[in-house]
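Residue numbers (our numbering): 26 to 318.
For reference, the structure discussed in these notes is given below.
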């Protein structure tokens with residue numbers, strides 16, 4: 026039995042994972058490689074994997090979501106998740122110090138440490154990067170189409186600017202508290218979002234997560250917030266939450282997490298009962314709570 030089950034999403038980043046697959050087979054002979062037909066197969070293979078040390082996601086954040094979610098449902102509680110990144114916006118890898126270079130990522134698989142990370146859920150479904158509401162969901166949908174043409178930075182920037190021009194606002198209820206005139210809101214445990222934007226949450230305990238939002242801002246104010254997010258300067262408002270959080274609105278507000286759309290509000294956010302065993306570089310293994318920039 027080989028050490029690793031490597032699940033390859035052939036659609037990630039315009040087929041990048043398929044193009045590098047022959048090289049990956051050479052670099053990782055101890056891996057069983059499976060080219061996925063659809064993203065649902067990633068969850069199923071991960072959920073049913075037996076006898077492996079780790080299931081490895083080869084794709085983008087959506088592939089990581091499917092593989093990690095499947096591993097959390099696997100009866101083998103010692104099973105780990107590894108990543109060979111082949112997507113467009115490596116937020117998850119940046120948060121956990123996982124290299125995006127394939128050869129370096131394989132070295133981490135072989136010799137890395139294990140970090141047990143808390144997992145957030147949206148309506149019971151796990152997510153591992155950030156959950157975006159409204160404007161952020163629209164930006165993610167547009168950016169997914171634009172990044173293959175213009176690259177990660179320019180594709181994301183163009184998607185953000187287009188939504189700023191549209192100037193849509195929402196009133197949200199968070200555990201019954203009304204937050205009015207919201208331009209953008211997200212829930213996360215990470216500091217890096219959307220391929221280069223950075224928020225500045227405080228250090229979070231394992232049972233905590235952050236709600237970030239921008240409200241009562243003009244179009245120019247939104248542009249200034251975007252500029253500050255790219256520079257990593259504090260902006261917007263942050264609430265540190267724990268336990269279950271109910272978020273709703275009296276209008277339709279789109280919901281997106283880990284790069285893919287997932288319907289609309291209302292949503293119930295909570296922490297999953299189990300942690301994810303993630304393979305990370307040796308110097309990252311002991312650090313479970315810090316926010317990387």
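Ideal Cβ positions, reconstructed from N, Cα and C, are used throughout, including at glycine.
My guess is that residue i and residue j are in contact by the Cβ rule of under 8 angstroms, so how many angstroms apart are they, rounded?
{"i": "residue 197", "j": "residue 207", "result": "5 angstroms"}
{"i": "residue 134", "j": "residue 81", "result": "7 angstroms"}
{"i": "residue 166", "j": "residue 54", "result": "With a Cβ gap of about 39 angstroms, residue 166 and residue 54 do not count as contacting."}
{"i": "residue 304", "j": "residue 137", "result": "5 angstroms"}
{"i": "residue 209", "j": "residue 159", "result": "6 angstroms"}
Could you tell me the distance, in whole angstroms, from the CA atom of residue i to the CA atom of residue j?
{"i": "residue 297", "j": "residue 141", "result": "12 angstroms"}
{"i": "residue 93", "j": "residue 48", "result": "24 angstroms"}
{"i": "residue 88", "j": "residue 156", "result": "16 angstroms"}
{"i": "residue 104", "j": "residue 151", "result": "17 angstroms"}
{"i": "residue 90", "j": "residue 299", "result": "15 angstroms"}
{"i": "residue 307", "j": "residue 122", "result": "10 angstroms"}
{"i": "residue 3", "j": "residue 109", "result": "Absent from the structure is residue 3, since the part of the chain shown begins at 26 and ends at 318."}
{"i": "residue 163", "j": "residue 111", "result": "23 angstroms"}
{"i": "residue 318", "j": "residue 231", "result": "Its pLDDT being 40, under 50, residue 318 is placed unreliably in this model, and the coordinates cannot settle the point."}
{"i": "residue 183", "j": "residue 66", "result": "32 angstroms"}
{"i": "residue 247", "j": "residue 225", "result": "17 angstroms"}
{"i": "residue 60", "j": "residue 249", "result": "43 angstroms"}
{"i": "residue 16", "j": "residue 98", "result": "Here the chain comprises residues numbered 26 to 318, so residue 16 is not present and cannot be evaluated."}
{"i": "residue 215", "j": "residue 146", "result": "14 angstroms"}
{"i": "residue 260", "j": "residue 171", "result": "26 angstroms"}
{"i": "residue 205", "j": "residue 190", "result": "19 angstroms"}
{"i": "residue 46", "j": "residue 79", "result": "18 angstroms"}
{"i": "residue 269", "j": "residue 100", "result": "25 angstroms"}
{"i": "residue 179", "j": "residue 222", "result": "12 angstroms"}
{"i": "residue 72", "j": "residue 106", "result": "12 angstroms"}
{"i": "residue 315", "j": "residue 263", "result": "With a pLDDT of 44 at residue 315, under the threshold of 50, the modelled position of that residue is not reliable, and the figure given next carries that caveat. Taking the straight line from one Cα to the other gives about 16 angstroms."}
{"i": "residue 181", "j": "residue 175", "result": "9 angstroms"}
{"i": "residue 161", "j": "residue 143", "result": "23 angstroms"}
Starting from residue i, trace the beta strand (DSSP E) both ways and give me its first and last residue.
{"i": "residue 206", "result": "202–213"}
{"i": "residue 286", "result": "285–289"}
{"i": "residue 5", "result": "What the structure shows of the chain is the stretch from 26 to 318, and residue 5 is not part of that stretch, so it cannot be assessed."}
{"i": "residue 270", "result": "270–274"}
{"i": "residue 151", "result": "150–152"}
{"i": "residue 29", "result": "29–33"}
Between the Cα of residue i and the Cα atoms of the options, which residue gives the shortest distance?
{"i": "residue 168", "options": "126, 114, 240 and 251", "result": "114"}
{"i": "residue 258", "options": "185, 270 and 217", "result": "217"}
{"i": "residue 294", "options": "305, 149 and 288", "result": "149"}
{"i": "residue 119", "options": "181, 289, 154 and 286", "result": "154"}
{"i": "residue 42", "options": "136, 58, 309 and 223", "result": "58"}
{"i": "residue 291", "options": "285, 301, 284 and 280", "result": "280"}
{"i": "residue 51", "options": "301, 107, 128 and 86", "result": "128"}
Just reading off the alpha helix (DSSP H) that residue i is part of, what are its end residues?
{"i": "residue 155", "result": "Premise fails: residue 155 lies in the beta strand (DSSP E), 155–159, not in any alpha helix (DSSP H)."}
{"i": "residue 119", "result": "116–121"}
{"i": "residue 320", "result": "No answer is possible for residue 320: the residues shown for the chain start at 26 and end at 318."}
The stretch 271–279 touching the stretch 237–251, judged by at least three CB pairs closer than 8 angstroms:
no
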